[in-house]
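The next block holds one structure in the form of structure tokens; read it before the comments.
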Amino acid sequence: MFKHFDVILFRFFVFWFSCGLVLLTFDILPPILEWANAVFLILTGVLGATFFIRQYGTKIGSLLSFLIVFITFVIEGAGVHYGILFGDYYYNPDFGLIIFEVPFTIGAAWLMVIATTHVIARAYSRRIQNKLFEWFTYALVGSFAAVIMDVILDPVAFQVKEYWVWTAGGFYYDIPLSNFTGWFVLAFILHSAVFFTLHLVNKWHGSISRYWQPRMIYLYVMVISMFLVLAITNGLWLATLASIGLTAIVIGGYFRLKEQAI
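Quick note, in my numbering, the sequence shown goes up one by one and the last residue is 262.
Structure below.
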């Protein structure tokens, strides 16, 4: 029953992704369908939560999903109001339901980021025997993989779609360096929370979801690909080349080291 639901869920996401890619690429998304962007982000979060639940069980998977959404929402709120971690910025009201000046969809987007980079980072750290070194490698790789997503995501979201606006410029498409260091720090915190929570409940070396684990890699690549297409069609060549190169490195490493079923 669950497997049938999971297949339908992922296929629905692929359908939604495909429609959105065409509409955004050719800039034919009518204003009446702007809400579709928020639905896309919510769907990515649902996929991330489903992965955690299938991989680590309903209780732990739900707990991890809640922690990721809650922590990111609080930190994003602090960022918007006080410029903490990411720099000075604000969200466009058209970016979906906004609560305390933070879009509700941001938590879902971060859930996708951590779920996908969790799978990547586990492949890099799983053979390490020392727990402290394993944690550091896992959190470090997961955080870099998250920042790689932001290398393409932020220029498109800011320069092309104006989902959010930076009030201070920076070296990279007028995006401040603090944004990327903030992404790294937040991802490091979240991956560390995932690592120690799973170790605490003896789930770190648990069973592997053969269906969802590879689909987290597909999701990672699909999201980056969507923003790559938008970057190319809008002439953001530096972001395009940087994203392609960095993504190829981290995904190439994953496929060389990917985790096998125990």
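We treat Cβ as the ideally placed atom computed from N, Cα and C, and that holds for glycine.
For S143, same chain residues with a beta-carbon under 6 angstroms away, outside a window of 5 residues either side, are F184, A187, F188 in chain order.
Using a C-beta cut-off of 8 angstroms, the segment 224–240 makes contact with the segment 137–153, since at least three inter-stretch Cβ pairs fall below that distance. Sequence-distant Cβ neighbours of K203 in its own chain, meaning closer than 6 angstroms and more than five residues away, are Y56, I60.
For the 9 angstroms CB-CB criterion, G253 and Y138 do not form a contact. C-alpha of G206 to C-alpha of G45: approximately 22 angstroms in a straight line. Per DSSP, the continuous beta strand (DSSP E) segment holding Y89 begins and ends at 89–91. Counting other Cβ atoms within 10 Å of its Cβ, S178 reaches 16 or more and is therefore classed as buried. Taking the Cβ atoms as the reference, F158 lies roughly 7 angstroms from V165, within the contact range of under 8 angstroms. Within the model, the alpha-carbon separation for H118 versus S192 is close to 10 angstroms. G182 counts as buried, since at least 16 other C-beta atoms from the protein chains shown sit within 10 angstroms of its C-beta. Assignment of beta-bridge partners to P103 by DSSP yields I98. Each residue's CA atom was taken as its position, placing L43 and F196 some 27 angstroms apart.
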